[in-house]
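Asks: Position 310 of the sequence shown, counted from 1, bears residue number 1083 in the working numbering, the numbering being contiguous throughout.
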Amino acid sequence: MPIISVVVPAYNSQSTILETINSVLEQTFSDFELIVINDGSTDKTLEILATVKDARLKVYSYPNGGLPAARNRGIARASGEFISFIDADDLWTPDKLELQLQALQKSPSAGVAYSWTICMGNNGESFHPGVSESYQGNVYQYLLIGNFIASGSNVLLRQQAIESVGYFDESLKSSEDWDYWLRLAPKWDFVVVPKPQIIYRLSSGAMSSKLDVMEKYQTIVLEKAFASAPPQLHNLENRGFAYIYLFMTRLYLSRANNAKVLNKATEKLSQAIRFSPKILMSKEALLLAVKIIILRILSPKIASNILSKTVRIRKAADPRLQTNSLRSY
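(1) Looking at chain C, is there any beta carbon in it that lies within less than 7 Å of the beta carbon of Pro967?
(2) State buried or exposed for Tyr835, treating a residue as buried only when at least 16 other CB atoms are found within 10 Å of its CB.
(3) Whole angstroms is fine: what's the gap from Gly884's alpha carbon to Gln873's?
(4) What are the start and end residues of the beta strand (DSSP E) that includes Arg1028?
(5) Might you give, ordered along the chain, the residues of its own chain that have their beta carbon closer than 6 Å to the beta carbon of Arg829, omitting 5 neighbours on each side?
(6) Apart from the five residues just before and just after Leu877, which ones in its own chain have a Cβ nearer than 6 Å to its Cβ?
(7) What three-state label does DSSP hand Ile810 in the structure shown?
(8) If you run the structure through DSSP and keep just helix, strand and coil, what is Arg1023?
(9) Look at Ile821 and Pro782 and say whether their C-beta atoms are less than 7 Å apart.
(10) Unbroken alpha helix (DSSP H) runs of length 4 or more, entirely within the stretch 894-973: which are they?
(11) What residue from Glu1040, Asn1031 and Trp865 has the CA that sits closest to Gly925's CA?
(12) Please go through the same chain and pick out, in chain order, the residues whose beta-carbon is closer than 6 Å to the beta-carbon of Arg1012, but skip the five residues on each side of it.
(13) Can you give me the start and stop residues for the beta strand (DSSP E) that Phe855 sits inside?
(14) Per DSSP, what kind of secondary structure is Val825 in: helix, strand or coil?
(15) Going by DSSP, which residues form a beta bridge with Pro782?
(16) Which residue's Cα is closest to the Cα of Leu1024: Met987, Val797, Ser907 and Ile972?
(17) At what residues does the beta strand (DSSP E) containing Lys831 begin and finish?
(18) Count the other CB atoms within 10 Å of the CB of Gly939; is the residue buried (16 or more) or exposed (fewer)?
(19) Considering only residues of the same chain and omitting the five flanking positions on each side of Ala957, which have a CB-CB separation below 7 Å?
(20) With a cut-off of 8 Å on the beta carbons, I'd call Ile972 and Asp863 a contact; round off their distance for me.
(21) Taking only three categories from DSSP, how would you classify Ser1043?
(22) Let me know if Glu949 comes out buried or exposed under the rule of 16 or more other beta-carbons within 10 Å of its beta-carbon.
(23) Taking all protein chains shown into account, decide if Lys879 is buried (16 or more other Cβ within 10 angstroms of its Cβ) or exposed.
(24) So what's Met980 in DSSP terms, helix, strand or just coil?
(25) CB-CB under 8 Å to Gln800, same chain, minus the five flanking residues each way: which ones, in chain order?
(26) In angstroms with no decimal places, state the Cα-to-Cα distance between Ala843 and Ile856.
(27) Using CA coordinates, which residue listed in Lys1064, Ser944 and Arg846 is at the minimum distance from Lys831?
(28) Give the straight-line distance between the Cα atoms of Gly838 and Ala923, rounded to the nearest whole angstrom.
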């Protein structure tokens, strides 16, 4: 049996699936099975997968059930001692599995290993800072404040950890990964690999209606978490909601191509501040506020040029964002 099972939920992923699969097959740690759950794709996803000649790849097709159901079907098929997930448009650096496995093997009480995240533009060329927290041990209180794991493509889990909490909640249409980490955190320690290993692709096609869905289910997940959290942690609830609205501010600003979307971003930042006024002192909130001001004062084209130059300067100054260090595969 393989040591690790890697589960890839795939739905109409013809444009990205091959690059994702290759980023897994080229891992420095090779004792794994690669389980692709074809979630009712109607494009050429299956045809592309058929071109991959590697005995570790296993493809199973089901009627469309959504992302949580696809992950659960992968869990049911997995035979490894450890399980990891990667969405069909994300990428890993080659040492992702090796270093996360080492981290778990060094910490018998840990059930979850995670790494830092880098965001990649939909074109596969531009890179932006992601999440790089380093919480370890009992991280429950930090997850109640925000999803620092950032992506369902991040973690490596012990099979025993999965058995202790069961499957992903298939009723959730978004944020099901945050819900899962919140269920694991009271039972297991977390360990971190403090380097960017998860390359999260930012989709340029997401619409405001999808953002509404994300906000709705983030709220459901947080309310559910605090309903079962011990009383001594309830004082963190406002900070948790402030995180949600700060996150939504960032997403709206990434799509701020008209006044309506910019107004939405402003509204979400105001909501974040109302829940936790101190959040305005954070670096992220201040940067978002400055971005809103620039977009309101200048024309969209001029503002876009200034912000693009800012991103390029940050990239040049941050070795974590260098393309060669991220995509050596």
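Even glycine gets a Cβ: it sits at the ideal position worked out from N, Cα and C.
Replies: In short:
(1) Of the chains in the structure shown, none is chain C; there is only one protein chain.
(2) exposed
(3) If you draw a straight line from the Cα of Gly884 to the Cα of Gln873, it is about 11 Å long.
(4) Run containing Arg1028: none; DSSP gives neither H nor E here.
(5) Contacts found: Glu806 and Leu807.
(6) Ala883 and Ala886
(7) DSSP places Ile810 in strand when its eight states are reduced to three.
(8) helix
(9) no
(10) 913-918, 932-938 and 949-957
(11) Nearest C-alpha to Gly925: Trp865.
(12) So the list reads Ile918 and Ser1049, once near-sequence residues are dropped.
(13) Phe855 to Phe858
(14) coil
(15) Ile810
(16) Met987
(17) Leu830 to Tyr835
(18) exposed
(19) Note that residue 957 is Leu in the sequence shown, not Ala. Excluding residues within five positions, the ones whose Cβ falls inside 7 Å are Gly884, Val885, Ala934 and Val938.
(20) 6 Å
(21) Correct three-state label for Ser1043: helix.
(22) buried
(23) exposed
(24) Note on Met980: pLDDT 46, under 50, position unreliable in the model; no value is reported.
(25) Trp865, Pro867, Asp868, Lys869, Leu870 and Glu871
(26) 14 Å
(27) Arg846
(28) 23 Å
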